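Visitor: Quick one: the structure is below, questions incoming.
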Amino acid sequence: MDLDLSDDQIALRDGISSMLAARVPMERVRAGFDRALFDDLAAAGVFSLRSDGFSWADCVVVFEQLGRYCVPGPLVASLLLGDGRIAGAAIESQPMWIEHLDELDVFLVGGMDDVRVVDPREIVAERSPWPLDPCTPIARVELLPEGMPFGVERRNWELAGVTLTAALQLGLADRLTELAVAYAKERVQFDRPIGSFQAIKHMLADMLTRTEVARAAVYSAGAVLDEMPSAWTRRRLAHGAKVVAGDAAITNGKVATQIFGGMGFTWEVDVHLYLKRAWVLDTHFESADRNAELVCVTAGDPRIWGDS
Amino acid sequence: MELRYSDADESFRAELHAWLETVLPALAPQPPRDAWPERRKWDTEWQRRLFDAGYAGLHWPKDYGGRGASPTEQLIFYEETARARAPYVGVNFVGTLHAGPTLIEEGTDEQKATHLPRILCGDEVWCQGFSEPGAGSDLASLRTRADRDGDDYILNGQKIWCSFGQIADVGEFLVRTDPDAPKNRGISWLILPMDLPGIEVRPLKTVLGSSEFAEVFLTDVRVPVANRVGDENDGWRVTNVTLKYERGTAFVSELVDSIRLCEDLATRMAVKGDESLQTELGRCIAEFDALWALTKRNVSQATRGAPGPGAMVMKLAYSEARQRFGELCMKALQRDALHVDDNELVEERLRTLALTIAAGASQIQRNIIGERVLGLPREPR
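So the sequence lines, in the order shown, correspond to chains A and B. Its first residue numbered 1, the first sequence is counted upward by one per residue in the numbering used here. Its first residue numbered 1001, the second sequence is counted upward by one per residue in the numbering used here.
Quick look at the structure:
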């Protein structure tokens, strides 16, 4: 039993982190997702992790860093597809909102019992002129083409997606803590750094606490995907990780905005980009509330999910 | 990252599990909260069984009669005993988890020889005399005086929140030996036999209606200087040496219980088809599962000898999460929450009010996290 990073995972984390620091600074994040960014990430092996033999826990370590650097794009589905194409994914709803539609090679839809693949060129959609997250363009689809069955098992596909999304959310929560702490150390009011005041200090301590708790949840959800204990455990930990990490990302985003004060309300300061991404990711593979409900239903009846 | 336990750890678990199955059925029912002599007997008999089976002083070094268990074995021990609903450490808490380790690190050979074997086998029960009416969160401002008189100290003052004070043989007491020094540099750590003349113990009734704690009044209590552990005025450091024994397992039993209560409530909700509270309960379960994972992560890091920030946030995160769950229980029970008898969730709601106050209030925890982990400047004091 070891829920700490292995030496290899530390090297993986540091490697991806220094690549992102060099290649995906915030100016590039603000420019949004495009083929060139996808190619850079692909060249670093981000989307071929599974075929290159990395574990789900390793993927979680990488996706935490992608979240930390606020990297935009359909990252989770592209990894799940893992064949070098840019893939978007969403759980079926009416109407559907599709992100990054113009950049997609493939679109995957999670239905009630199956996953289907749709050709994005066949999707008729209305682009929003003002997406909530400026790095995540969004288009509205009234009627999605039926598409073709995609040969994966729906539940396991979803649990991997849930866990990787939670890893992105963890990264956001972590980076928001770091940004807010740094600002609270340098911003002076009443002749002292605001981080010395308990009113601010306690908010920052809670940010760190939420992040550390979320990290443990996300890492254990990653390890569970690899070790395949009972379906009951897998579901409970994956959905639970998304609840905890999703709440941490959104709450840390709101608290960081508060700590940055007026500057936190500006377009110039990056905090809003992390918060908006946190809101976007909360809708992926269903909201924290819905995931919490699934945790409760799962915990309340060990038998209902069988042992598949 | 790996959740699976090693074969050696699994066989430790299996052996422990088998042992619990043989001893637990024969156990007498747990005495009520206020029946202190019976509680002492029940808890110390359990300690004796642990001792005979080789599980006493699990985390103590072998040289002192302990088992020298690894952090992971400690985690397994607390997990399995809590799952089996075995007795908790109870009145042996201060002796085995605090005073014992302190003596191991700082005591003289004579102090160790006198107390350690007796603590291990349940013959000696300890209490803690740290807090005072005027020294709670600001513990270092304590004022109980110890004036030197030849080979003795003369103690005068008052202690509060003294767990097990009613039945303890010995206490670990913090006293002021230098009133002129800066407040945390004039404190000494004393072994106080609780039957000395001048000690009066009064039960303190809590919100549970029972006396979980005591107040201790000290009037001209004469204690040999030989009962001091560590140097004079070095007691503040001595109290902190037990941190070395912290392996991230402090909340294992609490978490096992919390998860059990959550699952019970989730099952009942599923039966009743009550969906309105499912989301909220799901959040509680997700948080406790996350804290269980954090426990494993902290144990993993302790094994490596490199504790991370997770160890610092555990107490704050758990106690706050447990109170949210307690509030949810009150909401779920509605008017069924208006009696405490045979109502574990309500009794627990009352008990857990203390979690965010005792052993470092949440506000103090946030100061510590802010200053020691995040490196934020101190508030002017």
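C-beta atoms are modelled at their ideal positions from N, C-alpha and C, and glycine is treated no differently. Given the structure is predicted, the values throughout are model-derived calculations rather than measurements.
Given this structure, state the Cα-to-Cα distance separating Q1363/B from P1377/B, to the nearest angstrom.
Guide: Approximately 16 Å, taken between the alpha carbons.
Visitor: Along the chain, where does the beta strand (DSSP E) that runs through D1151/B open and close?
Guide: Element bounds for D1151/B: n/a, residue is neither H nor E.
Visitor: From A241/A to F1288/B, what does the alpha carbon distance come to, in whole angstroms?
Guide: Roughly 11 Å between the two C-alpha positions.
Visitor: Can you tell me the Cα-Cα spacing of R1033/B and G1282/B, whole angstroms?
Guide: About 32 Å.
Visitor: Could you tell me which whole beta strand (DSSP E) segments of length 3 or greater appear in the segment 1278-1354 of chain B?
Guide: Segments of the beta strand (DSSP E) lying fully in the segment 1278-1354 of chain B: there are none.
Visitor: Beta-carbon of Y1078/B versus every beta-carbon of chain A: anything under 8 Å?
Guide: Taking Cβ atoms only, chain A never reaches closer than 8 Å to Y1078/B, which makes this a no.
Visitor: Are any of the Cβ atoms in chain B nearer than 8 Å to that of F197/A?
Guide: Chain B contact via Cβ: present.
Visitor: If distances are taken between C-alpha atoms only, which option among T1102/B, W1036/B, L1024/B and A1028/B comes closest to P1061/B?
Guide: That would be T1102/B, whose Cα lies nearest to the Cα of P1061/B.
Visitor: Buried or exposed: S78/A, going by 16 or more other Cβ atoms within 10 Å of its Cβ?
Guide: S78/A comes out buried.
Visitor: Look up G1186/B in the DSSP assignment and give the residues it is bridged to.
Guide: Answer by DSSP bridge pairing: none, since G1186/B is not bridged.
Visitor: Considering only the alpha carbon of each residue, which of S1141/B, K1296/B, D1152/B and L1116/B lies closest to G1065/B?
Guide: For the residues S1141/B, K1296/B, D1152/B and L1116/B, the minimum Cα distance to G1065/B belongs to L1116/B.
Visitor: If V46/A and V62/A are in contact, beta carbons under 8 Å, what's the gap, nearest whole angstrom?
Guide: Contact holds; Cβ gap of about 6 Å.
Visitor: Suppose the cutoff is 7 Å on Cβ atoms and the five residues either side in sequence are ignored; what does the same chain contact list for G111/A look like?
Guide: Closer than 7 Å at Cβ, skipping near neighbours: E92.
Visitor: Excluding the 5 residues preceding and the 5 following A1317/B in the sequence, name in chain order all residues of the same chain whose CB lies nearer than 7 Å to its CB.
Guide: Taken in chain order, the residues that qualify are L1291.
Visitor: Give me the Cα-Cα distance between P1105/B and C135/A, rounded to the nearest whole angstrom.
Guide: The sequence shown places Glu at residue 1105/B, rather than the Pro named in the question. If you take the alpha carbons of E1105/B and C135/A, they lie about 57 Å apart.
Visitor: So which residues of chain B does H202/A contact, with C-beta pairs closer than 8 Å?
Guide: Those within 8 Å of H202/A in chain B are Q1363, R1366, N1367 and G1370.
Visitor: Does DSSP put A1028/B in a helix, in a strand, or in coil?
Guide: Coil.
Visitor: Within 10 angstroms of the Cβ of K1331/B, are there 16 or more other Cβ atoms? Answer buried if so, exposed if not.
Guide: Label assigned to K1331/B: exposed.
Visitor: So is S128/A buried or exposed if we call it buried at 16+ other beta carbons inside 10 Å?
Guide: S128/A is exposed by the Cβ-count criterion.
Visitor: In three-state DSSP terms, what is D307/A?
Guide: Note on D307/A: pLDDT 46, under 50, position unreliable in the model; no value is reported.
Visitor: Could you pull the DSSP bridge partners for K201/A from this structure?
Guide: Paired residues: none, contrary to the question.
Visitor: Consider the Cβ of L1353/B: report whether some Cβ of chain A lies at a distance smaller than 8 Å.
Guide: For L1353/B, the answer is no, since every Cβ of chain A falls outside 8 Å of its Cβ.
Visitor: Classify L3/A as helix, strand or coil using the three-state DSSP reduction.
Guide: Reduced to three states, the DSSP call for L3/A is coil.
Visitor: Applying the 10 Å Cβ sphere with the 16-neighbour rule, what's the burial state of R1247/B?
Guide: The residue is buried, with at least 16 neighbouring Cβ atoms inside 10 Å.
Visitor: Grouping DSSP H, G and I as helix and E and B as strand, with all else coil, what is R1176/B?
Guide: Here R1176/B sits in strand by DSSP.
Visitor: So what does F107/A bridge to, in DSSP terms?
Guide: Beta-bridge pairing links F107/A to G88/A and V118/A.
Visitor: In chain A, which residues lie with their C-beta within 9 Å of the C-beta of G1310/B?
Guide: Going along chain A in sequence order, the residues near G1310/B (Cβ under 9 Å) are E212, V213, R215 and A216.
Visitor: Would you mind working out which of A1361/B, F1173/B, E1080/B and Y1055/B sits nearest G1122/B, comparing C-alpha positions?
Guide: G1122/B has its Cα closest to that of Y1055/B, out of A1361/B, F1173/B, E1080/B and Y1055/B.
Visitor: Can V1241/B and I1191/B be called in contact, C-beta distance under 8 Å?
Guide: Cβ distance not < 8 Å, so V1241/B and I1191/B don't count as in contact.
Visitor: Would you say V1313/B reaches chain A, if we count a Cβ-Cβ gap shorter than 8 Å as a contact?
Guide: Taking Cβ atoms only, chain A reaches closer than 8 Å to V1313/B, which makes this a yes.
Visitor: How do the segment 1068-1087 of chain B and the segment 1218-1225 of chain B stand: do at least 3 beta-carbon pairs fall below 8 Å, yes or no?
Guide: Counting Cβ pairs under 8 Å, fewer than three are found: no touch.
Visitor: Which bits of chain A does R1004/B rub up against, with CB to CB less than 8 Å?
Guide: Chain A residues near R1004/B: M1 and E227.
Visitor: Checking 8 Å against the spacing of the C-beta atoms, do K1183/B and S1141/B come in under that value?
Guide: Yes; because the gap between Cβ atoms is below 8 Å, this pair is in contact.
Visitor: Determine the closest residue to M1450/B out of Q1111/B, Q1365/B and D1138/B, with distance taken between C-alpha atoms.
Guide: Chain B is shown only over 1001 to 1381; residue 1450/B falls outside these bounds and no answer can be derived.
Visitor: How long is the line joining the alpha carbons of G1129/B and L12/A, rounded to whole angstroms?
Guide: When rounded, the distance between both Cα atoms is 49 Å.
Visitor: Quick one: Cα of G264/A to Cα of G151/A, how far?
Guide: Approximately 45 Å, taken between the alpha carbons.
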